[in-house]
Structure formats: C-alpha cells, structure tokens
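Protein chains in written order, with this note's numbering: chain X, 65 to 159; chain C, 132 to 264. Here's the structure, in structure tokens; my notes come after.
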Amino acid sequence: MMNHSSVAAAFDSLLKDTGIVLKTSTLEVAKYSEQRSLHLSAIAGQPGFDQALAAEVRNVAQFAGIEAAQAGDQTDALTISRIFGLIFGVLAAGA
Amino acid sequence: MTTALRRRAPLLFLLLAACLCLAAACTGNAARQTMTLPAMRTAWAAIKVEATREATFTQDANGLAAIEQADAAITAGTATAIAAAPWQPVDALAAADIQRRVDLAEIGPGVAESLREELRLFAQSRSTFARHP
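This is the structure we're talking about:
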C-alpha cells in the first residue's frame, strides 16, 4: 500500500508535468484513493469485483474534480489517460 | 491484489483508457478545457447502463424517456442542459438496478457500495458543474 505522501507526490509530479489543476488538494485525493483502495481490498472475491474496480477509478476522478488549465483536444485525451492510469495504479497497488 | 485482478487489470485499463479518450474527444475545442465533464461522461456511461437495464426490466417508459433526456444533456455538455435534465428518476432507476442485482447475488454488497458511491459523486459533480462549468 502506498502512503498518502507518496501518492500525493505522484499526483503532484504528474500535475506539474501536464499543467493540470485539481479542485481538490492532491493530499485529499490521495487520502480518498487510499480509502477506496482499502474498500477494494476488503471486497476482493465478491461477485462483480471487476465492476467495483472500474467504478472506483471513475470515483477517484470525480472526487478530484479535475480541471485542466490548458487547451487542445489531443493533449487533453493523453492527459486524461495519464491521470486515470495513475489512479488505476494507485488503486491496484492497494487492492 | 488477487490473481484474477492481475490477469484482468490490463484489459480493464485499456477499456477505461478507450472510454476516456472518447470522452475527451467529445469535449470539443473550448478555449479552456475541463476534465470534470469527461469524468462525468465516463461515469454516466456506466450509470446509463444501470438505469436503462432497470427501466427495461420494469417496463418504465417514462424512465426510459428521462434517460434519453439525461443522455442528451450530457452530450450537450452545458451547465444549463445538465441542470435541466430529469435526474431524480434516472438516479432512482440506477439505484434500483444495483439493489436488484445484489438481491440476485449478481454483485456483492461491497461492489454495490462502490456503484452507489459512483451515483453519489455523479450527483455531486452534476451540481458542481451546473454552478461552475
């Protein structure tokens, strides 16, 4: 399980790299990610677990209220993929 | 992480990435791009499936009509359209679908909690987006 500060640092690094700003602080996002990751760990093996994992990735993204400060469709598509990839990695590392 | 999860993780991620790229492509050429709407659109794709399944199961024509209106609002992606859509019946249908699938043991209670969390956050995102698109 990654701790709050390392998850927050990973988010900070990606945000700095992409110019993305969050409505919620990276520490809050990291805490929420850890909370949802613990939930996934607790329900592993339940019927429909795949659906829970996919839902939790979307939940972290919605919680973050991600708001881009840059323009350009292609950049945004790549950036979105990178953000969700990081979220997936954080959740999967905990689960 | 479970073995099953390890095996399926790459496929799940690819599916998510594909959905997100599609959602991002729908955001258009606005000078200031936001990722709040793509995140909402990705959540809506899942919630729409739940609500539609329940409306079809219960033969709820009004519910299906409400889902269509909600879908049009998300596609339009404007604060006005999203604020005006009939979300209450859509939310109720999605919640009923989750509970029905728990009752049928198709999904576990913990999985249902994740899906209900998605409904809660989606309602919150709608409200936030309607005020600050």
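Just so it is clear, CB atoms sit at the ideal spot from N, CA and C, and this is done for glycine as well.
| Item | Value |
| --- | --- |
| Would you mind telling me which residues of chain X sit closer than 9 Å to L195(C), beta carbon to beta carbon, in chain order? | Neighbours of L195(C) on chain X: none; closest Cβ ~22 Å, over 9 Å. |
| Can you name the residues of chain C whose CB is closer than 7 Å to the CB of E120(X)? | S245 |
| From the DSSP output, in three-state form, read off M132(C) for me. | Unreliable placement is indicated for M132(C), whose pLDDT of 49 sits below 50; the coordinate value is still reported in the next sentence. Three-state result, M132(C): coil. |
| Which bits of chain C does Q110(X) rub up against, with CB to CB less than 8 Å? | I238, G239, P240, G241, V242 |
| Just mark V221(C) as buried or exposed, buried being the case when its beta carbon has 16 or more other beta carbons within 10 Å. | buried |
| Taking C-beta pairs closer than 9 Å, name the residues in chain X that T209(C) reaches, listed in chain order. | Ordered by position in chain X, no residue passes the 9 Å Cβ test against T209(C), which lies about 16 Å from the chain. |
| Near A74(X), which residues of its chain fall below 7 Å by C-beta distance, leaving aside the five closest residues on each side in sequence? | L150 |
| Measuring straight from C-alpha to C-alpha, what distance separates P111(X) and L79(X)? | 35 Å |
| Is the CB-CB distance between A216(C) and A201(C) below 7 Å? | yes |
| Name, please, each residue of chain X whose Cβ falls closer than 8 Å to the Cβ of F253(C). | Q126 |
| Suppose contacts are defined by Cβ-Cβ distances below 7 Å. Is R232(C) in contact with I238(C) by that definition? | yes |
| Within 10 Å of its beta-carbon, does Q255(C) have 16 or more other beta-carbons around it, so buried, or fewer, so exposed? | exposed |
| In three-state DSSP terms, what is L79(X)? | helix |
| Can you give the Cα-Cα distance for I229(C) and L252(C), rounded to whole angstroms? | 16 Å |
| According to DSSP, is T183(C) helix, strand or coil? | helix |
| For I213(C) versus A261(C), is the C-beta spacing smaller than 7 Å? | yes |
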